[in-house]
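Below you'll find the structure, written out as structure tokens, and then a few comments.
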Amino acid sequence: MQFTKTILKRTLMSCLFILALFTTVSKFSGVEASGLMALTNQREISINLDAVDHLKKKTELMFKSLFNTKTPLLLANEAIAKENPLGVDTERYPKVEVVATGYTAGVESTGKTEAHPAYGITKSGVKVRRDLYSTIAADTSVFPIGSILFIPGYGYGVVADTGSAIKNKKIDLYYEEVKDVYEKWGKKKVEVYLIRKGNGSLTEQDLTELNEQESMQVFRQQMFPPKDT
């Protein structure tokens with residue numbers, strides 16, 4: 000749906016541009032369309048070279064203003080792409096406004112060190128992961144274990160965990176490192192989309208199958224670009 004709207008907008012802009020260009024040609028050349036046709040039929044066409052040169056300069060300036068700007072025309076689309084790189088049709092799914100925070104498996108979030116036997120293990124029993132489908136925590140009375148949410152700016156999240164502070168319409172998004180929690184997310188009020196409501200259970204196989212879907216692999220590098228070395 001969003002793609003269709005974008006195509007329609009671009010088509011409309013193109014039509015308006017062509018109309019404006021045609022009007023400009025008529026204005027600067029001093030030749031109306033009807034007059035031009037008449038002259039063409041008579042095989043006598045008079046061209047005002049000064050008007051053509053002026054039009055050329057005007058056109059060059061127009062294109063420079065369009066493409067050499069600090070705020071490109073595609074800025075809005077780029078912003079949408081950044082929030083929704085997976086191209087999810089958000090109009091298809093119910094949305095819920097939540098407060099979303101970030102967490103890690105470390106002691107700063109869970110109180111557990113890597114030596115703890117339950118380090119990185121969620122309430123559902125699966126291990127935390129940041130992937131095309133990442134593990135997230137939620138209030139299971141709102142989003143049961145196994146629920147799949149689309150979170151703009153984060154991606155797909157699968158409810159696998161709970162938390163003492165995660166009550167009502169609050170969710171916690173898993174990140175591998177503390178710096179990512181602060182630099183990439185922090186705390187936000189955001190509208191999330193319920194792709195599928197869970198049945199209360201989630202297994203490692205479920206998560207693996209979701210992340211290994213062939214159709215999803217085209218998004219992997221876009222979601223997780225190589226880190227600069």
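Numbering (numbering that gives the first Met the number 0), first residue to last: 0 to 228. Note that beta-carbon positions come from the ideal geometry of N, C-alpha and C, so glycine has one too.
Please state whether DSSP places Val106 in a helix, a strand or coil.
-> Looking at Val106 - three-state DSSP - the assignment turns out to be helix.
Pairwise C-alpha distance: Gln220 and Gly145:
In this model, Gly145 and Gln220 are separated by some 25 angstroms (Cα to Cα).
Query - Identity of the residue in Met222, Tyr132, Thr161 nearest Leu206 by Cα - result: Nearest C-alpha to Leu206: Tyr132.
**Prompt:** Mapping DSSP to helix, strand and coil, what is Thr139?
**Reply:** Coil.
At which residues does the alpha helix (DSSP H) containing Arg231 begin and terminate?
This structure leaves residue 231 out entirely; the chain is present only between 0 and 228.
**Request:** Would you mind sorting Ala136 into buried or exposed? The rule is 16 or more other CB atoms within 10 Å of its CB.
**Result:** Classification of Ala136: buried, given that the 10 Å Cβ count is 16 or more.
**Ser200 burial status per 10 Å Cβ neighbour count (16 or more: buried)** = The residue in question, Ser200, is exposed, as its Cβ has fewer than 16 Cβ neighbours within 10 Å.
Residue interval of the beta strand (DSSP E) (run including Asp205)
Segment 203-210 is the alpha helix (DSSP H) holding Asp205; no beta strand (DSSP E) there.
Where does the unbroken beta strand (DSSP E) through Tyr118 begin, and where does it stop? Careful: Tyr118 lies outside any beta strand (DSSP E) and carries neither H nor E.
Query - Distance, Glu82 Cα to Tyr192 Cα - result: Rounded to the nearest angstrom, the two C-alpha atoms are 13 angstroms apart.
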